[in-house]
Structures are given as structure tokens and as C-alpha cells.
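Step one of this worksheet: look at the structure below.
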Amino acid sequence: MDFIERGQQAAAEGDWKTAVTAWITGSNAGSPESANLVLTAVPPLKAQADEGDVDAQALLAGVMLDFFDESALPAALTYATAATRAGHPAAQRTLGVMYRTGRGVETDIRQAEALFTAAAEAGDAYAAFNLAGMHITGDAQVRDHNLCLRLLRQAVSGGVIEAAAVLGDRLSAVDKDAEALNWYLYAAQRGHAGSMFAAGCSYRDGLGTAPDPVQAVRWFLAMPDKGNGDGIHEAIQLAKQNMTEEQIRTAGRLAGLPSEAEALIRTAREHGG
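So the number in the working numbering is just where the residue sits in the sequence shown, counting from 1, plus 1260.
Structural data, given as C-alpha cells:
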């Protein structure tokens, strides 16, 4: 069952919180229909929030922040504040975003850090990711590399795929290339295009692993299917320089894109490969 159907089934049962959560997930995956369904669910979700349902308040605050324009910010602040007072981690994170970005409130980096910290300690994966970002940018009161890595790992374990990519970047920056590659692969296998490029470059250049042009081309070929064509030039260069046609076909099979491999072979031939 996909996110749209899961949400529709929950909505039919009157479970608007589950419905909205499913549709938000679908929207984050790129579904415009899911995004539209989130908006249709606001009235019943608001009714629950106004009755004092803390989970509904926290969820509605996030929806208003992410799906509505600036006119909704006062209401988002009201619901996020109410749920934060009840100790709701998702509301703490939403309110933290508002304070960090100055949306609907005066920017207050220290307040944002405190809210992200409370939410992360309660297990909120996105708050952990946001707090790690503050350590990376230097906005945290005390910049801590090891704490940043722990927060990123917490975020990954909570399903934040982008955190694996950032974790790879942080490890690569301190020359822990083999561990970095493992995290790039984790994210690449889950569709993160930037990590596909990083993994491809690691295999091409032998960073954290032995050079492997097949694996490099495998990840470069997969990128356009995720809307990112940055790896095409690299794939062509590898195909022209030192790869057999069978190696290119193997890369295509690993990527699940055999026709793209054949196109790469033709391009390499045309350009003297």
C-alpha cells in the first residue's frame, strides 16, 4: 500500500493524524497529490488540535510551517508553543526551526539549540539532524565534532537519509574514507543522488576502497534516474579510458539500467573510447 492509499484508509477511519503523517511522507518523496491531500486534511486536524490533542497540535504546527505561506506562521507558533509546553518532541523541533530561521518569531539561536537538544534527547531524529547542523555551521554554543557524529548517527537510525550523506562528508573531511564510503553507500542505496556521486568518485579514485570503475559507473549511471545528471561526464570519461564493454554492461545491470549502459557504450565509441 502506498502513502496515498494508507492515508486515505486512515482518513476514512477518522484517524487524521495517521492520514496526514502518511501524506507528508508521500509529499517528501515528491508526490504532488500527497501534498494536496495534506492541505485537505487541515480542517479536521485543526479541530482535534483545538480540542487539546497535543499530537494534533504538533503535527498541525509542522504542516502550517512547511505547507503554508507566511500568513499561517502566527497559528503555527500558537500550536507549536502549546505542544512544546506539553513536552512534545516534534513540536519542540518545529519551534526550534522557527527560532533558528526567524520565521514567525525573532531569531534566537540559543533557544533553537535548546529546543533541538530537548527534542533530540527525547528521540526525535530530525531534531538530532538539525542540532548536528548547528555543530557543523558553528551555531552551537560549543562546537563538538564527536557529538555531531553521534547526532548524525541518531538521525540516520531514525530514518533521515540525508544525515547519512552528511555523516559521510564529515568523516571524509577527517580522512576516514572507508567509513565515509559506507555511509555514502547507505544513502545511495536509498536514492540519495549526492551520495551516489560521492560513492562513484570514491570508487573511481580509490578513496576508502580499491579503485573499481564498474562500481563507479554503476553509481554515476544511477544519478539521472534521481533527477541529477552530474555523474554523466564522469561515467563517459571512465568508459572512454579503461573499461571494456562488458564492464560497462555489468555497471548497468548493477544500477538496474541496462539501456543506459548501452547508450554509454555508444557514446564512448563515438568519442574514441
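Where is the CB? At the ideal position from N, CA and C, for every residue including glycine. Remember, predicted model here, so these are calculated numbers, not experimental data.
Relative to the C-alpha of residue i, which candidate in the options has its C-alpha closest?
i: ALA1332; options: ARG1370, ALA1515, LEU1299, THR1510; result: LEU1299
i: ALA1343; options: TYR1444, THR1469, ALA1318; result: ALA1318
i: GLU1506; options: ASP1485, LYS1277, ARG1478, ILE1396; result: ARG1478
i: SER1462; options: GLU1439, ALA1372, GLY1356; result: GLU1439
i: PRO1473; options: ALA1458, THR1354, ALA1499, GLY1451; result: ALA1499
i: ASP1435; options: GLY1454, HIS1452, THR1469; result: THR1469
i: GLY1364; options: GLY1322, ALA1309, THR1397, ARG1430; result: GLY1322
i: ILE1421; options: ALA1528, THR1285, GLN1268; result: THR1285
i: LEU1325; options: VAL1302, ALA1528, HIS1531; result: VAL1302
i: SER1417; options: SER1287, ALA1448, ALA1272, GLY1383; result: GLY1383
i: ARG1353; options: LEU1391, GLU1366, THR1338, THR1367; result: LEU1391
Helix or strand or just coil, what does DSSP make of residue i?
i: VAL1280; result: helix
i: ASN1296; result: helix
i: LEU1498; result: helix
i: GLY1553; result: Residue 1553 lies beyond the residue range present for the chain, which begins at 1261 and ends at 1533; the question has no answer from this structure.
i: ARG1450; result: coil
i: ASP1399; result: coil
i: GLY1533; result: Since pLDDT at GLY1533 reaches only 46, below the 50 mark, its modelled position is unreliable, and no value is offered.
Return the first residue and the last residue of the alpha helix (DSSP H) that residue i is part of.
i: ARG1413; result: 1405–1417
i: THR1469; result: Per DSSP, THR1469 belongs to no alpha helix (DSSP H) and is neither H nor E.
i: SER1519; result: 1518–1530
i: SER1432; result: 1421–1433
i: PHE1327; result: 1314–1327
i: GLU1506; result: 1505–1515
i: GLY1267; result: 1263–1272
To which residues of the same chain is residue i closer than 7 Å at the C-beta, ignoring the five residues directly before and after it?
i: CYS1407; result: Reading off the sequence, residue 1407 comes out as Leu, not Cys. Excluding positions up to five away in sequence, the list reads HIS1395.
i: GLY1460; result: ALA1476, TRP1479, PHE1480, GLY1491, GLU1494
i: ALA1372; result: GLY1356, TYR1359, ARG1360
i: GLU1330; result: none
Please work out which residues of its chain come closer than 6 Å, Cβ to Cβ, to residue i, disregarding the five sequence neighbours upstream and downstream, and give them in chain order.
i: ALA1415; result: ALA1385, ALA1388, PHE1389, ALA1423
i: GLY1533; result: At GLY1533, the pLDDT of 46 sits below 50, so the modelled position is not reliable and the matter cannot be decided from this model.
i: TYR1444; result: GLY1428, SER1455, ALA1458, ALA1459
(request) Run through the stretch 1363–1393 for me and flag every whole alpha helix (DSSP H) of 4 or more residues, listed as ranges in chain order. (result) 1369–1381
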